[in-house]
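Going down the list, the sequences are from chains A and B.
Residues 4 to 307 in our numbering are what the first sequence lists, from first letter to last.
Residues 24 to 278 in our numbering are what the second sequence lists, from first letter to last.
Read the structure below first, then the notes.
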Amino acid sequence: MFEVVAQGEGPLFMDPDADKAREFFQKKDRTLKNKVMSEKEAVEKFVHDGDYLAIGGFGANRIPTAICHEIIRQRRKNLTFAGHTSTHDFQILAKVEICEWTNYAMALRFKAAAMGVSFLPGRNIVGTDTFKYSAAKVVKCPFSGKLFSLYPALWPDVSAIHVHESDIYGNCRLKGISIADLELARASKHLIITCERLVHNDVIRNDPTQTSIPYYLVDAVCEVPYGSFPGNMPYEYFSDEEHLRLWMKSEEDPEKFKKFLDQYIHWTKDFNEYLDLCGGLHRINELRAQEHLIQIKEQKEQPK
Amino acid sequence: MTEYNTMELMIVAAARNLENGKTVGVGTGAPCAAAMLAQKTHAPDLVIMFEAGGISPQLPTMPISVGDSRTFYRAVMASGMCDIMETCQRGMVDYTFLGGAQIDMYGNLNSTVIGDWKKPKVRFPGSGGANDFASLCWKIMVITPQDSRRFVEKVSFITTPGYIDGPGARERAGLPANTGPHKVITNMAVMGYDGKTMRMRVESIHQGFTFEEVQKNCGFPLLKAEKIVVTPAPTADELRILRTKVDPQRYIIGR
Numbered sequence: 004m005f006e007v008v009a010q011g012e013g014p015l016f017m018d019p020d021a022d023k024a025r026e027f028f029q030k031k032d033r034t035l036k037n038k039v040m041s042e043k044e045a046v047e048k049f050v051h052d053g054d055y056l057a058i059g060g061f062g063a064n065r066i067p068t069a070i071c072h073e074i075i076r077q078r079r080k081n082l083t084f085a086g087h088t089s090t091h092d093f094q095i096l097a098k099v100e101i102c103e104w105t106n107y108a109m110a111l112r113f114k115a116a117a118m119g120v121s122f123l124p125g126r127n128i129v130g131t132d133t134f135k136y137s138a139a140k141v142v143k144c145p146f147s148g149k150l151f152s153l154y155p156a157l158w159p160d161v162s163a164i165h166v167h168e169s170d171i172y173g174n175c176r177l178k179g180i181s182i183a184d185l186e187l188a189r190a191s192k193h194l195i196i197t198c199e200r201l202v203h204n205d206v207i208r209n210d211p212t213q214t215s216i217p218y219y220l221v222d223a224v225c226e227v228p229y230g231s232f233p234g235n236m237p238y239e240y241f242s243d244e245e246h247l248r249l250w251m252k253s254e255e256d257p258e259k260f261k262k263f264l265d266q267y268i269h270w271t272k273d274f275n276e277y278l279d280l281c282g283g284l285h286r287i288n289e290l291r292a293q294e295h296l297i298q299i300k301e302q303k304e305q306p307k
Numbered sequence: 024m025t026e027y028n029t030m031e032l033m034i035v036a037a038a039r040n041l042e043n044g045k046t047v048g049v050g051t052g053a054p055c056a057a058a059m060l061a062q063k064t065h066a067p068d069l070v071i072m073f074e075a076g077g078i079s080p081q082l083p084t085m086p087i088s089v090g091d092s093r094t095f096y097r098a099v100m101a102s103g104m105c106d107i108m109e110t111c112q113r114g115m116v117d118y119t120f121l122g123g124a125q126i127d128m129y130g131n132l133n134s135t136v137i138g139d140w141k142k143p144k145v146r147f148p149g150s151g152g153a154n155d156f157a158s159l160c161w162k163i164m165v166i167t168p169q170d171s172r173r174f175v176e177k178v179s180f181i182t183t184p185g186y187i188d189g190p191g192a193r194e195r196a197g198l199p200a201n202t203g204p205h206k207v208i209t210n211m212a213v214m215g216y217d218g219k220t221m222r223m224r225v226e227s228i229h230q231g232f233t234f235e236e237v238q239k240n241c242g243f244p245l246l247k248a249e250k251i252v253v254t255p256a257p258t259a260d261e262l263r264i265l266r267t268k269v270d271p272q273r274y275i276i277g278r
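Encoded structure:
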């Protein structure tokens, strides 16, 4: 038995029992079938009131914007939420109960879940108020006698991750940093993938070294070109800092924020309409140039 | 003498503390500008690491986020958060460079709340990756403007561990041995830590400031190093590179 030396007083929203998770994953469908659907359908099918939801990416980088919007459009309630430095993707949760964690702590919680174990140790968080208000524990190592923090596994009910390419079954390729998405994909009970483009299954099979999320983890595949907008998508387009500023500014005042959500999310039918409202392909072209550090004419006269 | 502003001075002073061939985990803003300046001057082989997975990029422009494309531009690897933090945990990352809302005499940082945690006056983003880097890297460096609202007797919340409450506290809590705060770089001085008490002490003072002024802008009594030197002024070369190569848009140095 571990000797528990200290424990945080924060709430634990999910059961970290590995056997319960195994029971769920035993029943998860592994048939190779076409999972392509609209974001609307994906959210209707896989995101429910009261779910524990996790969002891939980091801040405004490689984020599944279309799914976040659709969840707001469909007015899902009482969601528990986890994300990494999620400044823009989920400012919509009104009243929140907080448990303190750190970015690596959350990554470890997903990693434990992905490994099918109920906790993982680390050497961070201890000695701080972040620990005090977390749900971590400090234990004495049975081998060395030294202290380690333990993090409970987190199996989200549903997650959404944006990737570069997927086939119709959900075999995914992503480029650039993976953040904590590979752990998250394996930890999630249900996984919605949005992709820049669909590719043929032959493309996947001809170079399987590039697959980082296999199809049996995935429940829905939505093809959403420019789907990380207004966030950054590595090797595709940079973040739209002007639009993000507008978003942040609107958050300062509840009335203004409601208007912003109405205009950009509730009154748009889908992601394409939203993108059009934000400048469409013309704006994307500018952001592409920025991503590739290409100086196009318009870029020189930077609007302040 | 070349003119320079406070932020430029802080970034130059910070950059000089990063040695060639070392590894450093950085956040965005001034810490990133300092790492970038070091990379473009005396430390071309400085390995810059970002918490979201970027390893040793040749930064083309200032990143906006620690997860954006610039953080792995011409990098040696586009990795992930676990790999970065586990490299720190394994003992392979020499420095971390952080900013902070509040700091106390033991180098503890608060970026979570002002006031009571349950009923905060102001709520900040929380740890992010700061606690992880400061727990797991060997030495912590902080860059922050000097005023008595930031330099406080007691932080209202320890988000990120410094020396906690004195000698041996990090090890007693379970943090890796022989790690902890190293330097604090402000617009007035460079501070280190006294090896016995683990309290902040002034080591060098920037031109135009006195110890009394530094003390006046600090909410706790500062110790003095045996010999306090004058921080060498930024050179024309450092300023030129900072202004033209590191931050031509003046995102940071224009603040």
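Even for Gly, the Cβ is constructed at its ideal location relative to N, Cα and C.
Checklist entry - Looking at the structure shown, is histidine 269 (chain A) part of a helix, part of a strand, or coil, going by DSSP? => result Helix at histidine 269 (chain A).
Next on the checklist: Helix, strand or coil, according to DSSP, for serine 169 (chain A) in the structure here?
Outcome noted: In the structure shown, serine 169 (chain A) adopts extended strand secondary structure according to DSSP, grouped into three states.
Item to check | Best match in A:Ser152, A:Leu157, A:Ile164 and A:Ile195 for proximity to arginine 195 (chain B) [C-alpha to C-alpha] | outcome: Distances from the alpha-carbon of arginine 195 (chain B) to those of A:Ser152, A:Leu157, A:Ile164 and A:Ile195 put A:Ser152 closest.
Checklist entry - Is the shortest distance between the beta-carbon of proline 237 (chain A) and the beta-carbons of chain B less than 8 angstroms? => result Put simply, the CB of proline 237 (chain A) is near chain B, with a gap under 8 angstroms to one of its CB atoms.
Checklist entry - In chain order, what residues of the segment 219–238 of chain B put their CB closer than 7 angstroms to some CB of chain A? => result Listed in sequence order: no entries.
Next on the checklist: Run through the DSSP bridge pairs and tell me what phenylalanine 122 (chain A) is partnered with.
Outcome noted: Answer is A:Pro155, bridged to phenylalanine 122 (chain A).
Checklist entry - DSSP three-state call for proline 211 (chain A): helix, strand or coil? => result Of the three classes helix, strand and coil, the one that applies to proline 211 (chain A) here is helix, per DSSP.
Checklist entry - For tyrosine 136 (chain A) and chain B, any beta-carbon pair shorter than 8 angstroms? => result It does; some Cβ of chain B falls within 8 angstroms.
Checklist entry - Using a beta-carbon distance cut-off of less than 9 angstroms, what residues from the segment 51–69 of chain A approach chain B? => result For the segment 51–69 of chain A, the set of positions with a beta-carbon nearer than 9 angstroms to some beta-carbon of chain B reads Gly60, Phe61, Gly62, Ala63, Asn64 and Arg65 in chain order.
Checklist entry - What residues in the segment 165–192 of chain A bring their beta carbon closer than 8 angstroms to a beta carbon of chain B? => result Under the 8 angstroms Cβ criterion, the segment 165–192 of chain A contributes Lys178, Gly179, Ile180, Ser181, Ile182, Ala183, Asp184, Leu185 and Glu186.
Next on the checklist: Only counting the same chain, and skipping five residues up and downstream in sequence, which positions put a Cβ closer than 8 angstroms to that of arginine 224 (chain B)?
Outcome noted: Excluding the 5 residues flanking it on each side, arginine 224 (chain B) has same chain C-beta neighbours closer than 8 angstroms at Met214, Gly215, Tyr216, Asp217, Leu245, Leu246, Lys247 and Ala248, in chain order.
Item to check | Beta-bridge partners of asparagine 235 (chain A), as assigned by DSSP | outcome: Beta-bridge pairing links asparagine 235 (chain A) to A:Asn64.
Next on the checklist: Less than 7 angstroms between C-beta atoms, sequence neighbours within five positions excluded: which residues of the same chain meet that for leucine 176 (chain A)?
Outcome noted: A small correction: the amino acid at residue 176 (chain A) is arginine; leucine does not occupy that position in the sequence shown. Val166, His167, Glu168, Gln213, Thr214 and Ser215, listed in sequence order.
Checklist entry - Which of the three DSSP states, helix, strand or coil, is assigned to glycine 86 (chain A)? => result Reduced to three states, the DSSP call for glycine 86 (chain A) is strand.
Next on the checklist: Under DSSP, the alpha helix (DSSP H) around cysteine 111 (chain B) begins and ends at which residues?
Outcome noted: Its alpha helix (DSSP H) spans residues 104–112.
Item to check | Per-residue contacts from asparagine 106 (chain A) into chain B (C-beta, under 9 angstroms) | outcome: Those within 9 angstroms of asparagine 106 (chain A) in chain B are Glu74, Ala75, Met104, Met108, Ser150, Gly151, Gly152, Ala153, Asn154 and Asp155.
Checklist entry - Applying the criterion that 16 or more other CB atoms from any shown protein chain within 10 Å of the CB defines a buried residue, is methionine 251 (chain A) buried or exposed? => result Methionine 251 (chain A) is exposed by the Cβ-count criterion.
Next on the checklist: Contact criterion: CB-CB distance below 8 angstroms. Does arginine 278 (chain B) meet it with respect to chain A?
Outcome noted: It does not; no Cβ of chain A falls within 8 angstroms.
Item to check | Alpha-carbon to alpha-carbon, lysine 36 (chain A) and phenylalanine 281 (chain B) | outcome: Outside the modelled stretch of chain B, which goes from 24 to 278, sits residue 281 (chain B), for which no answer is possible.
Checklist entry - DSSP three-state call for glycine 44 (chain B): helix, strand or coil? => result In the three-state DSSP reduction, glycine 44 (chain B) falls in the coil class, being neither helix nor strand.
Checklist entry - So which residues on chain A does arginine 193 (chain B) lean against when the C-beta distance must stay under 8 angstroms? => result Going along chain A in sequence order, the residues near arginine 193 (chain B) (Cβ under 8 angstroms) are Gly130.
Next on the checklist: Residues of chain B with CB closer than 8 angstroms to the CB of glutamate 244 (chain A), please, in chain order.
Outcome noted: In chain order: Ile87.
Checklist entry - Distance, Cα to Cα, threonine 90 (chain A) vs alanine 63 (chain A)? => result Confidence is the limiting factor: at threonine 90 (chain A) the pLDDT is only 49, short of 50, which leaves the residue's position unreliable and the question unanswerable from this model.
Next on the checklist: I need the straight-line Cα distance from phenylalanine 27 (chain A) to lysine 192 (chain A), nearest angstrom please.
Outcome noted: Computed Cα separation, rounded: 8 angstroms.
Checklist entry - Taking the beta strand (DSSP E) that alanine 188 (chain A) falls in, what are its first and last residues? => result Segment 184–190 is the alpha helix (DSSP H) holding alanine 188 (chain A); no beta strand (DSSP E) there.
Checklist entry - Can you name the start and end residues of the alpha helix (DSSP H) that threonine 133 (chain A) belongs to? => result 132–135 is the extent of the alpha helix (DSSP H) around threonine 133 (chain A).
Checklist entry - So leucine 247 (chain A) is in the alpha helix (DSSP H); what residue range does that whole segment cover? => result Judged by DSSP secondary structure, leucine 247 (chain A) falls within the alpha helix (DSSP H) whose first and last residues are 244–253.
Checklist entry - Using a C-beta cutoff of 8 angstroms, does asparagine 127 (chain A) count as contacting chain B? => result At least one chain B Cβ lies under 8 angstroms of asparagine 127 (chain A).
Item to check | Stretch pair the segment 91–102 of chain B + the segment 62–78 of chain B: three plus CB contacts closer than 8 angstroms | outcome: With the cut-off at 8 angstroms, the segment 91–102 of chain B and the segment 62–78 of chain B touch.
Item to check | Which listed residue (B:Pro190, B:Thr202, B:Arg173 and B:Val49) has its alpha carbon closest to that of glutamine 125 (chain B) | outcome: If we check each option's Cα against that of glutamine 125 (chain B), B:Arg173 comes out closest.
Item to check | Meets three-Cβ-pair contact criterion under 8 angstroms: the segment 131–147 of chain A and the segment 179–196 of chain A | outcome: The segment 131–147 of chain A, when compared against the segment 179–196 of chain A, does not touch it at the 8 angstroms Cβ threshold.
Next on the checklist: Distance cutoff 8 angstroms, beta carbons only. Does glutamate 42 (chain A) sit that close to anything in chain B?
Outcome noted: Taking Cβ atoms only, chain B never reaches closer than 8 angstroms to glutamate 42 (chain A), which makes this a no.
Next on the checklist: With distance defined between alpha-carbon atoms, name the residue in A:Gln266, A:Lys140 and A:Phe241 nearest to serine 253 (chain A).
Outcome noted: Among A:Gln266, A:Lys140 and A:Phe241, the Cα nearest to that of serine 253 (chain A) is on A:Gln266.
Item to check | Sheet register partners of asparagine 133 (chain B) (DSSP bridge) | outcome: DSSP output for asparagine 133 (chain B) lists B:Gln125 as bridge partner(s).
Checklist entry - Would you call glycine 114 (chain B) buried or exposed, if buried means 16 or more other Cβ atoms sit within 10 Å of its Cβ? => result Label assigned to glycine 114 (chain B): exposed.
Item to check | Proximity test, Cβ basis, 8 angstroms: glycine 48 (chain B) and chain A | outcome: It does not: the Cβ of glycine 48 (chain B) has no partner Cβ on chain A nearer than 8 angstroms.
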